[in-house]
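Data block below; observations after.
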Amino acid sequence: MAENNKRFTKASWAIMEQLLEVDNLEEALSGSLEIITDTLESEAGAIWLLDKKTDRLSPVFHIGPADISNISVENGLGIEGIVSKTGKSVIVTDAVNDPRFDSTVFDDNGLSVKTMICVPLNDLNEVIGCVQIINKKDGSSYDEEELKLCEHMASLAAITIEEKGFIIDLGEDKEVLASLRNVTKEFPSGDGVLKILKGINLDIYRNEFLVVLGESGCGKSTMMNIVGGMDFLTDGTLTIEGKDFSHPSDAELTEYRRKYIGFIFQAYNLMPNLTALENVEFIAELVDDPMSSEDAIAAVNMTQRAGNYPGQMSGGQQQRVSIARALVKKPRLILADEPTAALDYTTSIEVLTAIEDVVKKQGTTVMMVTHNVEIAKMADRVIKVRNGKIASIKKNMHPLRAVDLVW
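Oh and the sequence shown: position 294 is 294 in the numbering used here, straight run, nothing missing.
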């Protein structure tokens, strides 16, 4: 008991520091959720906020293996909705047999819920959502002391939201473009098997900018390679526009890469004997219905350099041509692997502005793997991968523009 009290006190102070001293409220809220989920040694956690226009709750921050980004629940329905509506906390010891529990929220998205704590986000005037902590890793149930810690965090969070004037506008649900469900990737290693991905569950939406963060070796690049058809999953499913590409034939794989996917790499990979426009035209000739190569070049603000060869362009200009080359195919999804890693700050912003325009003006989904946490501030959602699993997903309520990033 004394050891728990010490841990809980330490967690309370850490949460207070996050909420009261961190300028970026979204970072403070997601950081507080991480603290409490770790302190209670739990599998998952979520902060749900109420959109008054629709009277529905949506998870703006969540930790754990389930991707519930595009889920919303009616205020008053399900445990999340009941807690938000009544303003009363609950401890659930057997979710499967609890009539209040809606299993489709998590079970259909990669997490089997057994136990949980759910507490209201109650500021000085009203309930604005709830905090939910799910499944202790040792299989035990939550107790009253753990409930009090969650209530303390929720109270601080709600008051901070009220004081800082956090605008809750969750917008419309987005259409799912691609889905990974229970995706694993294994490689033979000596006498055993090396597990790189250990059950990835992720939805990728149309017209979103998705940033994937994680330490080297965590599996983020492997995940992107599987999405791009450059590597094959061991188990699980990969679908895009409802079509299953989990184990494609050679012909299906060719169709997938040409029709659905565009690539941007750290290395520009431009043909040195072709001009910028000719590099784009070369790719356009490989697909049935490309966009105009001139339009693709214009979309990345490189029209004046269209006649230049790669050796006559800076690194940032070459990277913008590689973006045009990916865009000309009219892909559903563009995958970008560390596209600014070799560039300086000014040039990086030029490249990120081009990518921003691809999403906002062309309506193309972009999924970027990067080590630069600043870039995550301009994303619609930020995915953190840890040890072969999705560790957390954060929905940016107010993404920054590329020109506003600083590092």
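From the three backbone atoms N, C-alpha and C, an ideal C-beta is built for every residue, glycine too.
Anyone know if the C-beta pair for residue i and residue j falls short of 8 Å?
i	j	result
G228	F263	yes
T39	I63	no
L210	I383	yes
I261	L333	yes
C130	S84	yes
A379	I355	no
I15	M153	yes
K329	P290	yes
M224	V369	yes
P331	T364	yes
Going by C-alpha to C-alpha distance, which of the options sits closest to residue i?
i	options	result
V300	I349, D344, D337, A379	I349
I159	A28, H398, F101	A28
N125	S155, P65, S32, A284	S155
V366	W407, L327, A66	L327
D357	A298, K394, G315, A157	A298
G316	T346, T364, R325	T346
D67	K6, A402, L405, S392	S392
L233	I240, G199, D250	G199
Q18	E3, E34, R7	E34
D235	E285, K195, V183	V183
K394	G45, W13, V96	G45
K137	V105, E41, I161, V96	E41
Taking the beta carbon of residue i as the centre, do at least 16 other beta carbons fall within 10 Å, making it buried, or is it exposed?
i	result
L50	buried
V193	exposed
W48	buried
K164	exposed
A341	exposed
M271	exposed
K377	buried
T222	buried
T115	buried
P65	buried
K220	buried
E281	buried
So for residue i, helix, strand or coil by DSSP?
i	result
F8	helix
S89	coil
E374	coil
K220	helix
K360	helix
D203	strand
Looking at residue i and the ligand SAM, is the gap between the Cβ and the nearest heavy atom below 7 Å?
i	result
N225	In the structure shown, the ligand SAM is absent, as is every other ligand, since no ligand is present at all.
Is there contact between the stretch 383-403 and the stretch 212-221, where contact requires at least three CB pairs shorter than 8 Å?
yes
How about the stretch 306-313 and the stretch 276-291: do they share at least three Cβ pairs that are nearer than 8 Å?
yes
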